[in-house]
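Student: My questions all concern the structure below.
Number of protein chains: 2
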Amino acid sequence: MAKSYSKPSTASPGVINEPSESQLAIQAQFIEIFVSAAAVLGVPRSIGEIYGVIFSAPRPLTFQEIVERLNLSKGSVSQGLRALRSLGAVRTAYVPGDRRDYFEPETELRNLVAGLLRDRINPHLEQAKGRLARVRQQVTDGGGLNTDEALVLRARVAKLESWRKKSALFLPLVTKVLG
Amino acid sequence: MAKSYSKPSTASPGVINEPSESQLAIQAQFIEIFVSAAAVLGVPRSIGEIYGVIFSAPRPLTFQEIVERLNLSKGSVSQGLRALRSLGAVRTAYVPGDRRDYFEPETELRNLVAGLLRDRINPHLEQAKGRLARVRQQVTDGGGLNTDEALVLRARVAKLESWRKKSALFLPLVTKVLG
DNA sequence: AAGCTTGTTCATTTTTTTCTAAACAGGCTA
DNA sequence: TAGCCTGTTTAGAAAAAAATGAACAAGCTT
Chain A
120 MAKSYSKPST ASPGVINEPS ESQLAIQAQF IEIFVSAAAV LGVPRSIGEI YGVIFSAPRP
180 LTFQEIVERL NLSKGSVSQG LRALRSLGAV RTAYVPGDRR DYFEPETELR NLVAGLLRDR
240 INPHLEQAKG RLARVRQQVT DGGGLNTDEA LVLRARVAKL ESWRKKSALF LPLVTKVLG
Chain B
120 MAKSYSKPST ASPGVINEPS ESQLAIQAQF IEIFVSAAAV LGVPRSIGEI YGVIFSAPRP
180 LTFQEIVERL NLSKGSVSQG LRALRSLGAV RTAYVPGDRR DYFEPETELR NLVAGLLRDR
240 INPHLEQAKG RLARVRQQVT DGGGLNTDEA LVLRARVAKL ESWRKKSALF LPLVTKVLG
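One line per chain: the protein sequences are A and B, in this order.
Take the first sequence: its position 145, counting from 1, is numbered 264 in my numbering, and each next residue is one higher.
Take the second sequence: its position 42, counting from 1, is numbered 161 in my numbering, and each next residue is one higher.
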C-alpha cells in the first residue's frame with residue numbers, strides 16, 4: 120500500500136497554524152515527487168520525505184511538526200535533517216522568543232547540486248585520483264605483462280584518467296550554468 | 120575485511136590465456152575504483168565489480184571467467200551483465216567458432232553517461248512532469264488555501280517546474296559536451 | 001534422443017540499510 | 001534543584017536490497 124500523508128483525525132490542539140486539508144493534499148503530492156527523486160539519487164526515502172515536507176510548507180517547520188506530519192520517529196528525523204543540512208538543502212530559521220529550531224528549504228537548484236557534488240562526487244574523484252596514479256605506476260613499469268596486454272592496459276588507464284579529468288573540469292561548471 | 124581479487128592458488132588447467140599475477144594485481148586496483156563508483160551511483164557492488172573486471176581485461180571475457188575471477192554466483196553475474204548491457208556499458212563480442220558470449224566494455228564516457236540519463240534520470244523527469252502538472256492545477260484553483268499560503272505554494276510549484284525544465288534542457292547537453 | 005555447455009530465472013537466504021524507541025544531554029523555567 | 005522541552009545518540013528491530021543456488025531452458029554434439 121502507498122504511504123499516506125493525510126492529516127490524522129485527532130489533531131493535537133493548541134498548535135498554531137494547522138495546515139488545511141487541501142494544503143495537506145498538495146503537500147502529499149510534493150512529497151511523492153521528492154521521494155521519487157530520493158530513489159533516483161540513492162538516498163533514503165525518509166530524507167526525500169523530510170525535504171519534501173519542508174519544501175512544500177508555506178512557512179518554516181519545527182522538528183516536532185516534521186515528526187508528526189510524516190509519522191517518522193524522532194531518530195529518523197534527526198538523522199535526516201542532519202544529512203540535509205550537511206548538503207545545504209535545508210537551513211534553520213531563527214524565530215525570536217522560540218527555543219525550537221525552524222527548518223526552511225534551500226530552493227536554488229545550483230546550491231543543491233553544488234552540495235551533492237561537494238559531499239558525494241568530489242570525494243570519490245579525489246580518491247580515484249590517487250588510485251589511478253598507483254595503477255598507472257604498476258602498468259607503466261609493467262613487470263610480468265606481455266607486451267600486447269600491457270598496451271591495452273595502458274590505454275585503459277589512460278581512458279580512466281581522461282574520464283576523471285573531464286569530470287573534474289566539467290562538474291564544477293555545471294553549477295555555474297544552473298544559475 | 121576487504122574483498123580480495125587475487126588469483127586462487129588452485130588455478131584451473133587448460134584455460135587459454137590465464138592472467139598473470141601482475142595483471143591480476145592491476146585488475147584488483149581497477150575493480151576497487153569501479154566498486155567505489157558503483158557506491159556513488161547507488162548501484163550494487165557486484166555491478167561495479169563486473170564492469171571493473173571487464174574494463175580491466177585486455178581481451179573480452181566469457182561469462183564463466185567473470186564468475187571465477189570475482190567469486191560471484193552465476194545468478195549475480197547474469198543479472199549484473201543484463202543491467203550493464205541495458206545501460207550500454209558492456210557489449211557482447213562475437214568470436215567465430217565459439218558458442219559462448221564474450222563481453223567487452225564500452226569505454227566512451229559520453230555513451231555511459233547517456234545510458235545513465237536514459238535509464239535512470241529521464242524516466243524520473245517524465246514522471247515528475249505529470250505530477251507537477253497536477254499539483255499546479257490544485258495550487259492554482261486553490262480551494263481552501265488562505266491567500267498567503269497559496270502565494271508561497273504557487274511560488275514553490277513554479278520553482279520545481281523551473282528545476283525540471285532546466286534539467287530537461289541541460290542534461291542532454293551534458294552528453295554532447297563530453298564528446 | 002541422451003548428454004554436454006552456456007546462461008537465465010526465481011524462490012530463498014544473507015547482508016546491508018534504514019528505522020525505531022528508549023536512554024540521554026543540555027538548557028530553560030519555576 | 002526538580003521538572004519540562006527540544007533534540008541527539010545508539011542498540012537493536014524491521015525492512016529492503018543483493019546474492020546465492022538449484023531448477024530450468026535452449027542449443028550443440030554425438
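We put the beta carbon where it would ideally sit given N, CA and C, even for glycine.
Because the structure is a prediction, the values reported are computed rather than measured.
Would you list the residues sitting across from residue 211 of chain A in a DSSP beta bridge?
Tutor: Here residue 211 of chain A is taken as the residue at index 92 of the first sequence, counted from 1. Paired residue(s): A:222.
Student: Determine whether the Cβ of residue 175 of chain B lies closer than 8 Å to any Cβ atom of chain A.
Tutor: In the second sequence, the residue the question calls residue 175 of chain B occupies position 56. Chain A, which has a Cβ nearer than 8 Å to the Cβ of residue 175 of chain B, makes this yes.
Student: Can you find a C-beta in chain A that's less than 8 Å from the C-beta of residue 109 of chain B?
Tutor: There is no way to answer for residue 109 of chain B, as the model of chain B reaches only from 120 to 298.
Student: Report the option in A:292, A:277, A:170 whose CA atom is closest to the CA atom of residue 226 of chain A.
Tutor: Stepping through the first sequence from its first residue, residue 226 of chain A is reached at position 107. Among A:292, A:277, A:170, the Cα nearest to that of residue 226 of chain A is on A:170.
Student: Can you pull the chain B residues whose beta carbon is under 7 Å from the beta carbon of residue 205 of chain A, in chain order?
Tutor: Reading the first sequence from its first residue, position 86 is the one you call residue 205 of chain A. Ordered by position in chain B, no residue passes the 7 Å Cβ test against residue 205 of chain A, which lies about 16 Å from the chain.
Student: With DSSP collapsed to three states, give me the class of residue 298 of chain B.
Tutor: Within the second sequence, residue 298 of chain B is the residue found at index 179, counting from 1. If DSSP states are grouped into helix, strand and coil, residue 298 of chain B belongs with coil.
Student: Relative to the ligand ZN, is the shortest distance from any of its heavy atoms to the C-beta of residue 280 of chain A smaller than 7 Å?
Tutor: Within the structure as shown, the ligand ZN is missing, as the structure has no ligands at all.
Student: Show which residues of chain A have a CB atom less than 7 Å away from the CB atom of residue 268 of chain B.
Tutor: Position 149 of the second sequence holds residue 268 of chain B. Within chain A, the residues near residue 268 of chain B are 142, 177.
Student: If you compare alpha carbons, which of B:239, B:155, B:159, B:182 is closest to residue 218 of chain B?
Tutor: Residue 218 of chain B sits at position 99 when you count from the first residue of the second sequence. Here the closest residue by C-alpha is B:182.
Student: So, using beta-carbon positions, are residue 244 of chain B and residue 276 of chain B closer together than 8 Å?
Tutor: The count along the second sequence starts at 1 and reaches residue 244 of chain B at position 125. The count along the second sequence starts at 1 and reaches residue 276 of chain B at position 157. The answer is no: Cβ separation not under 8 Å.
Student: Take residue 228 of chain A and list the residues in its own chain whose beta-carbon comes closer than 6 Å to its own, dropping the five residues that flank it on each side.
Tutor: Here residue 228 of chain A is taken as the residue at index 109 of the first sequence, counted from 1. Answer for residue 228 of chain A: 297, listed in chain order.
Student: Could you work out which residue in B:294, B:168, B:155, B:234 is closest to residue 247 of chain A when comparing CA atoms only?
Tutor: Position 128 of the first sequence, counted from the start, is the residue given in the question as residue 247 of chain A. Selected option, being the one with the closest Cα: B:155.
Student: Exposed or buried, what is residue 149 of chain A when buried is set at 16 or more other beta-carbons lying within 10 Å of its beta-carbon?
Tutor: Along the first sequence, one-based indexing puts residue 149 of chain A at 30. Residue 149 of chain A should be labelled buried.
Student: Quick one: which chain B residues come within Cβ less than 8 Å of residue 165 of chain A?
Tutor: Residue mapping note: residue 165 of chain A aligns to position 46 of the first sequence, counting from 1. Those within 8 Å of residue 165 of chain A in chain B number zero; the least Cβ separation is about 16 Å.
Student: Cβ of residue 222 of chain A within 8 Å of Cβ of residue 180 of chain A?
Tutor: For the purposes of this step, residue 222 of chain A is taken as the residue at position 103 of the first sequence. For the purposes of this step, residue 180 of chain A is taken as the residue at position 61 of the first sequence. Result yes, Cβ atoms of residue 222 of chain A and residue 180 of chain A sit closer than 8 Å.
Student: In terms of alpha-carbon separation, which member of B:267, B:269, B:249 lies closest to residue 284 of chain B?
Tutor: Position 165 of the second sequence, counted from the start, is the residue given in the question as residue 284 of chain B. If we check each option's Cα against that of residue 284 of chain B, B:249 comes out closest.
Student: Would the beta-carbon of residue 230 of chain A fall within 8 Å of that of residue 207 of chain A?
Tutor: Counting from 1 along the first sequence, the entry for residue 230 of chain A is found at position 111. Counting from 1 along the first sequence, the entry for residue 207 of chain A is found at position 88. The answer is yes: Cβ separation under 8 Å.
Student: Flag this pair as yes or no: are the beta carbons of residue 286 of chain B and residue 264 of chain A separated by less than 8 Å?
Tutor: As a position in the second sequence, residue 286 of chain B is number 167, starting the count at 1. As a position in the first sequence, residue 264 of chain A is number 145, starting the count at 1. No, the pair does not count as a contact, with Cβ atoms beyond the cut-off.
Student: Over what stretch of residues does the alpha helix (DSSP H) that includes residue 162 of chain A continue unbroken?
Tutor: In the first sequence, residue 162 of chain A corresponds to position 43, counting from 1. Residue 162 of chain A -> no alpha helix (DSSP H), and no H or E assigned at all.
Student: Which whole-angstrom value is the C-beta distance of residue 203 of chain A and residue 294 of chain A, which I expect to be below 8 Å?
Tutor: Numbered from its first residue, the first sequence carries residue 203 of chain A at position 84. Numbered from its first residue, the first sequence carries residue 294 of chain A at position 175. The pair is not a contact, with the Cβ atoms about 18 Å apart (cut-off 8 Å).
Student: Please report the straight-line C-alpha distance between residue 209 of chain B and residue 200 of chain B, rounded to a whole angstrom.
Tutor: Taking the first residue of the second sequence as position 1, residue 209 of chain B is located at position 90. Taking the first residue of the second sequence as position 1, residue 200 of chain B is located at position 81. Cα-Cα distance, rounded: 8 Å.
Student: Between residue 205 of chain B and residue 234 of chain B, what straight-line distance do the alpha-carbon atoms span, to the nearest angstrom?
Tutor: By one-based count along the second sequence, residue 205 of chain B stands at place 86. By one-based count along the second sequence, residue 234 of chain B stands at place 115. Approximately 8 Å between the Cα atoms of the pair.
Student: When Cβ atoms are compared, which residues of the region 211–232 of chain B fall closer than 8 Å to chain A?
Tutor: Residues 226, 228.
Student: Using three-state DSSP, classify residue 180 of chain B as helix, strand or coil.
Tutor: As a working note, residue 180 of chain B is residue 61 in the second sequence. Correct three-state label for residue 180 of chain B: strand.
Student: In angstroms with no decimal places, state the Cα-to-Cα distance between residue 220 of chain B and residue 185 of chain B.
Tutor: Residue 220 of chain B sits at position 101 when you count from the first residue of the second sequence. Residue 185 of chain B sits at position 66 when you count from the first residue of the second sequence. Approximately 11 Å between the Cα atoms of the pair.
Student: Report yes or no: is there a C-beta of chain B within less than 8 Å of the C-beta of residue 247 of chain A?
Tutor: Here residue 247 of chain A refers to the residue found at position 128 of the first sequence. Yes, its Cβ sits closer than 8 Å to a Cβ of chain B.
Student: Given residue 178 of chain B, which residues of its chain have a CB within under 6 Å of its CB, disregarding the five upstream and five downstream residues?
Tutor: Walking along the second sequence from the start, residue 178 of chain B turns up at place 59. Nothing listed; no residue qualifies.
Student: According to DSSP, is residue 216 of chain B helix, strand or coil?
Tutor: Residue numbering aside, residue 216 of chain B sits at position 97 when the second sequence is read from its first letter. It is coil, neither helix nor strand.
Student: Do you know offhand how far residue 168 of chain B's Cα is from residue 267 of chain A's?
Tutor: Residue 168 of chain B sits at position 49 when you count from the first residue of the second sequence. Residue 267 of chain A sits at position 148 when you count from the first residue of the first sequence. Computed Cα separation, rounded: 24 Å.
Student: Are the beta-carbon atoms belonging to residue 258 of chain A and residue 273 of chain A less than 8 Å from one another?
Tutor: Taking the first residue of the first sequence as position 1, residue 258 of chain A is located at position 139. Taking the first residue of the first sequence as position 1, residue 273 of chain A is located at position 154. Yes. Within cutoff.
Student: Check distances from the C-beta atoms of the region 258–288 of chain B to those of chain A and list, in chain order, the residues that come in under 9 Å.
Tutor: So the list reads 258, 261, 262, 263, 264, 265, 267, 268, 269, 270, 271, 272, 274, 275, 276, 278, 279, 281, 282, 285, 286, given in the order they occur along the chain.
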